[in-house]
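In my numbering, the protein residues as written are 15 to 918.
Ideal placement from N, C-alpha and C gives every residue a C-beta, glycine not left out.
Data first, discussion second: the structure below is written as structure tokens.
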């Protein structure tokens, strides 16, 4: 036993040492990135130096809350606008009424926040429609309302100035299962595609209503939490619409907190919480976001400051340079703004102490009194107390270890004065049987019951099993009537909406000093801050407020006086003002939707078992134009087009709007030297031959990492008719060419992916950053012959020490560069392209332009490919995997195995 204890202690020390080493190394890398950026930004023009002398940079904290003088302040003058706003919150159970807050760790304050934000924005002048996108759940485990495709949150206005707010539920993943957020990651692309289809249809419909048929694209796409942030980033890129991100809680912060506890190793944390996948999504959100909405300055400095994609000092420098019209050398940082969440005070009823007759009737000894007019939840709580006349200490949260309820119980149980002075009420979600709850929730509740027994707190602590969301205001009212105190002792509280709710009902508060409560109590001046680990400090703060009635009344008065700062109208005004100011790019006004033909797509496509079904064709590939065990593949391809050919008319001339589906060839066929093999043109001819009877209904697109010159040379040598291909997507999705238009480049697509492209500024940086430690100078060199304005290509020497994609992207982010990186040609070439340029995004762009639903696309790939290969396997399109087609891929250079174990 002693040996085991010694071994475990040694292992824990080793884990702590390894983590400290990793953190130190990462800190040094960030400092080097900041130093590199500072070197580029240090050279100021004479004009800028003069401006700098006259206009010194303000302190950081003042910058974060200041509204710039050139910012347009949102007002009723904007009511003539018709804004369409998209909010996204994927996980949890989202509905407008009777929200099941606290049912699980995914259904908490974020759900309430996004629903109320949608309603508040829809009631703001100038906003025409708000859609809140979430996941559709038809599981028998949850109420049937979560399976309804559409739910109205607010009614259209009588004057026609708004058509209201709606919850739109998008199917993704297994329809019959409620999936926790940690397991949703594999289904994100499917949600993106479904959301894209909804937005395009809605943009068309709204345009017909108010803009003479011209599509009304979203004014902004706002992602909430990491998963929705990733969705918003992809939608933003596909539609060229500004993106806003709200983190709510952040992965890096949670990761470091869990590491400090020392109970779990990195691998255990990652496998349990999929934390590295979450952090990756948050970094992508920072890459794409025009603006990040935070609740507090602490969130910016201490939480977002942990990320590769955000550096507070560099963001300040870039912001000042933009304001002065000075080049930022291709570097970008999202704008961080502090906008506290709002609250609807229309339902709040404040009653003075003299109106306490209902409380007296509740706790009075006269059982003949009529108590039917009193809220039932009052009786449910008061039945726990031996002496209900005492003030109430109220804690309201879900049963989560982070909420630190056990420390509160210990503080209450070990302080005799506090027990004599007050009762304690714990509202910890809803439960039927503790054993049926999730492990973390059941542990918290079981520990709480043990502490109640240990300190003999029976008759002094209330812990009701059930409460409705509609009863929460009555719980606050009851605590205020007893002249009680609200407490939030969480280890870290990102914001603290319950503190604002408590203040609105006249309750003084005690709150954790870690996170949002610092700013809230500073604004409201209605309570005290405590160290959540200091149980004596918690007890002392509660005693101070409860024992000093003058202080209690002063805090109550201050809270009620200052609460207007957190109203929803104030929040929406600040929000729209900041969005308007940060909206550097607008939807491409030339992006139209080609009307689709009314004839239905092939029934064989529609009858495929599932939108996300992935096909795998067994067998080896042969160069004689046949597929081994080819009967399966040929029959499949013919089945996909049989009905299309029977409904089609072979004499109809080509027009992209006439396509009812697309066959997309994305096989990365290279030999060991990185040269394109004959297998690629062979599969192109095979697919075309199998579908020749339906050419007017089915189009063909080629996705490749090759340059235009390289693919043309290969196709001409193999006698492939270019005119039969609708689009060539070259250089890893950075360029689109149309053979039927004399190979004219899609300039609109180039402008579409221009966002945050650093251009020449990144060209020389890549070779230095991509070389691994100890690598030679010529390990990676620019491949000038295939470079273009939207793609810089670099040749990689065989056996060279180069960094993997995730490692290289991290170093680019640290320097403020936002790019997409792809190893192609069997790891012999690196393509650096714009952030939103990729083969998967090119398909989404064509889907919007040509009006072809993504579910009507079939993508042909091999068993491996370039480092963007995984993106082609997921989503609403069908995927046919051709076995034996591709021998050499680049996937080994995608990510570090250690960093992304348990990624999906």
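By the neighbour-count criterion, in which 16 or more other beta carbons inside 10 Å mark a residue as buried, residue 578 falls on the exposed side. Sequence-distant partners of residue 573 (beyond 5 residues in either direction) whose C-beta falls short of 6 Å from its own C-beta, in its chain, are 517, 538, 540.
Cβ contact annotation for residue 449 (same chain, cutoff 8 Å, sequence separation greater than five): 456, in chain order. The C-alpha of residue 195 lies about 18 Å from the C-alpha of residue 508. Taken in chain order, the unbroken stretches of alpha helix (DSSP H) that lie wholly in the stretch 705 to 731 and span 4 residues or more are 722 to 731. Boundaries cannot be given for residue 342, as no alpha helix (DSSP H) includes it and DSSP labels it neither H nor E. In the DSSP assignment, residue 573 falls within the alpha helix (DSSP H) that extends over 563 to 576.
For residue 145, the enclosing beta strand (DSSP E) begins and ends at 141 to 149. Of all C-beta pairs linking the stretch 488 to 496 to the stretch 408 to 421, three or more are shorter than 8 Å, placing the two stretches in contact. Counting C-beta pairs with one atom in each stretch, the stretch 92 to 109 and the stretch 120 to 133 have three or more that are closer than 8 Å, which means they touch. Note that the C-beta distance between residue 298 and residue 226 is not below 9 Å. Remark: C-beta atoms of residue 150 and residue 189 approach each other more closely than 9 Å. Under DSSP, residue 848 takes part in a beta bridge, and its partners are 833.
Excluding sequence positions up to five before and after residue 309, its CB lies within less than 6 Å of the CB of 354, 509, 530, all in the same chain and listed in chain order. Per the coordinates, the alpha-carbon of residue 680 lies some 11 Å from the alpha-carbon of residue 720.
With a cut-off of 8 Å on Cβ pairs, the stretch 170 to 186 is in contact with the stretch 139 to 148, counting three or more such pairs. Within the same chain, and ignoring the five residues on either side of residue 412 in sequence, the residues whose Cβ sits closer than 6 Å to its Cβ are 116, 122, 443. The three-state secondary structure of residue 476, taken from DSSP, is strand.
Cβ-Cβ distances below 8 Å link residue 301 to 247, 323, 770, 827, 832, 849 in the same chain, with the five nearest sequence neighbours on each side left out; the list follows chain order.
Of the candidates 774, 813, 787, 788, 774 places its Cα closest to the Cα of residue 796. Sixteen is the threshold: since fewer than 16 other Cβ atoms of the shown chains lie within 10 Å of the Cβ of residue 166, the residue is exposed. The beta-carbon separation of residue 899 and residue 88, rounded to 55 Å, does not stay under the 8 Å limit for a contact. Closest in C-alpha terms to residue 434, from the list 418, 459, 401, comes 401.
If you draw a straight line from the Cα of residue 712 to the Cα of residue 256, it comes to about 33 Å.
Of the residues assessed, residue 692 falls on the exposed side of the cut-off, its CB having fewer than 16 other CB atoms within 10 angstroms. Between residue 845 and residue 902, the C-beta spacing is not below 9 Å. For residue 274, the enclosing alpha helix (DSSP H) begins and ends at 265 to 275. Residue 211 and residue 803 have their C-alpha atoms spaced approximately 30 Å apart. Listed in chain order, the beta strand (DSSP E) elements of length 3 or more contained wholly in the stretch 869 to 908 are 871 to 875, 892 to 896. Residue environment for residue 169: exposed (fewer than 16 other C-beta atoms within 10 angstroms of its C-beta). Spanning the alpha carbons of residue 910 and residue 765 requires a straight line of approximately 33 Å. DSSP places residue 237 in the uninterrupted beta strand (DSSP E) bounded by 234 to 238. Annotation: residue 770 is outside any alpha helix (DSSP H) and is labelled neither H nor E by DSSP. In the DSSP assignment, residue 816 is bridged to 785. Under the 10 Å beta carbon count, residue 336 is surrounded by fewer than 16 other beta carbons and is classified as exposed. For residue 357, the pairing in a beta bridge is given by DSSP as 581.
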